[in-house]
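One structure is given here, and the rest of the page talks about it.
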Amino acid sequence: MGRTTCFQGRSGWFWSRALVTYDYAESWFCRLFGICSCSPARSMMRIRLYLFLYFTGTVLLQFAYRSLDRLARGSASDWQVIVVEQATGVYGTAVLLPLLLWGYRRVPFWRSIFPCLEHALLLVLFSILHTSWNWGTRILLFRLFGLGGYDYGKMPLRYLMEFPADIITYVLAAGAYLVYRNWMRSRAIESELAMARLDGLTRQLQPHFLFNALNAVSGLMYEDVDRADLMLERICTFLRSTIRLPDSPLNSIANELLLARQYLEIMQTRFESKLAYSIQCDPKAEAIQIPTLLLQPLIENAVKYGHDPGSGDLNIQIDIELSDRRIEIRIRDHGSGLSPVWEGEEGQGLTNTKRRLASYYGGAAVFRLSAHAEGGAISELEIPA
1 MGRTTCFQGR SGWFWSRALV TYDYAESWFC RLFGICSCSP ARSMMRIRLY LFLYFTGTVL
61 LQFAYRSLDR LARGSASDWQ VIVVEQATGV YGTAVLLPLL LWGYRRVPFW RSIFPCLEHA
121 LLLVLFSILH TSWNWGTRIL LFRLFGLGGY DYGKMPLRYL MEFPADIITY VLAAGAYLVY
181 RNWMRSRAIE SELAMARLDG LTRQLQPHFL FNALNAVSGL MYEDVDRADL MLERICTFLR
241 STIRLPDSPL NSIANELLLA RQYLEIMQTR FESKLAYSIQ CDPKAEAIQI PTLLLQPLIE
301 NAVKYGHDPG SGDLNIQIDI ELSDRRIEIR IRDHGSGLSP VWEGEEGQGL TNTKRRLASY
361 YGGAAVFRLS AHAEGGAISE LEIPA
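Under full-length UniProt numbering, the residue at position 166 of the sequence shown is numbered 166, and the numbers go up by one with no gaps.
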């Protein structure tokens, strides 16, 4: 994170925030546009690509305009001169863009007369620097490419001439900044609301689990007190694990599978040898975050409806694979297939699962519940890695 650390030296305070190199500026575009410093590298590369395409496209359009204008007037089109003039002007704006963004972020818009005066001063500074940049770089590039000397005219008048064009640039850049900032803020609010909804749906699962677990213990008390006591002990272990979860609606797949094993051990206490289960997980998928207790309702339904109609045995298989940046989760039982509850009224658990998937992944998640070809039912989840 060395490049994203702000310079703190007294002489470098301003320049570290405005006239920065593009290698260092990538972190500043994140901050100035309102993007979190922990944004993915892909987002930063996308912004850099958009800026490059915008400024390069502007150079090409200006070149075409100037060239056609000269041809329409019957003048020779000196393309090298046009390229140098348009490129220095446009890319000069790109070089000074961090200064504008720094000013937009630091000075509020339209709250009183004083911010307007500060923006006016920043506009004057930008115009002076931009015109000076054009003057200096064109003299240098004309000599470098053997185009002779470059005459920019009388500089006091040139500064006045360029000022109206710089006003347009300043206003357009400010408008783009405000639109992008408001868009990022709305995205942040939507993300917070989605996480809050996800957290609320997660909390709904806890009383649902407790009701089912205590109901099972109540039935077992009349059959075998020792097994009921062991079941209560394992329920306490499961609940302690849920309490230790981080204060977040997300959890790693490894922790989710730990909770799944603890829950299935609770059910093994109830059903004894009739319940068997297997869990297979791609090691690369274990650290990936998914909504907390996402697997729990699916496993509960498999336990509830997955008994073999003949022997009464219960066999649960959980398989998790990672492929093409997608996580595939399959939970299968060997029972009689889909029950009327699954085909019609799904119940709170499955409804909660669908809502949580929609809240966190939007349309990127796929949930299927179907009869397995070899018997039983299978729940399938496909979510982004």
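We put the beta carbon where it would ideally sit given N, CA and C, even for glycine.
I need the DSSP call for residue i, collapsed to helix, strand or coil.
i	result
V107	coil
P384	strand
F209	helix
A373	coil
F145	coil
R187	helix
R330	strand
S67	helix
P291	strand
L338	coil
S127	helix
R368	strand
G78	Inspection of the sequence shows that residue 78 is occupied by Asp rather than by Gly. It is coil, neither helix nor strand.
D319	strand
S379	strand
Can you check which of these residues, the options, is closest to residue i by C-alpha distance?
i	options	result
L123	R66, L178 and Y159	Y159
A285	L99, L257, Y180 and G363	L257
Y57	D69, H119 and A94	According to the sequence displayed, residue 57 carries Gly and not Tyr. If we check each option's Cα against that of G57, A94 comes out closest.
S218	N255, R270, E265 and A176	R270
residue 415	G337, L49 and S278	Residue 415 lies beyond the residue range present for the chain, which begins at 1 and ends at 385; the question has no answer from this structure.
F145	R105, I82, G103 and I168	I82
F238	L357, D226, L210 and L172	L210
Below 8 Å on the Cβ atoms is my contact criterion, and I expect residue i with residue j to pass it. Report the Cβ-Cβ distance as a whole number of Å.
i	j	result
T310	A377	For the sequence presented, residue 310 should be read as Gly rather than Thr. Not confirmed; about 16 Å, so no contact.
L129	L96	6 Å
P291	L245	About 12 Å; that fails the 8 Å criterion.
I299	I331	6 Å
I288	I329	The pair is not a contact, with the Cβ atoms about 11 Å apart (cut-off 8 Å).
S75	S67	That belief does not hold up - the Cβ atoms of S75 and S67 are roughly 10 Å apart, past 8 Å.
D166	S127	4 Å
Y152	R138	7 Å
P297	T353	5 Å
A228	M221	5 Å
Please report how far the alpha carbon of residue i lies from the alpha carbon of residue j, in whole angstroms.
i	j	result
Q262	Q317	15 Å
Q86	L51	16 Å
D224	L259	25 Å
L178	T88	26 Å
L100	Y170	8 Å
A174	W135	25 Å
I189	H119	29 Å
L293	L125	56 Å
P108	W183	17 Å
L295	G92	55 Å
Q280	R185	41 Å
A373	Y180	51 Å
Q80	P164	26 Å
Y361	A385	11 Å
M1	I253	For M1, the pLDDT reaches just 38, beneath the cut-off of 50, and the residue's location in the model is therefore unreliable, although a value from the coordinates is still provided. So the two alpha carbons sit approximately 28 Å from each other.
L141	M44	31 Å
L71	S359	58 Å
N301	Y54	54 Å
E272	I320	26 Å
G149	V84	13 Å
Can you give, in chain order, each stretch of the beta strand (DSSP E) that sits fully within the region 221–289 and has at least 3 residues? For the region 221–289, the full-length beta strand (DSSP E) segments reaching 3 residues or more read 250–252 and 275–281 along the chain.
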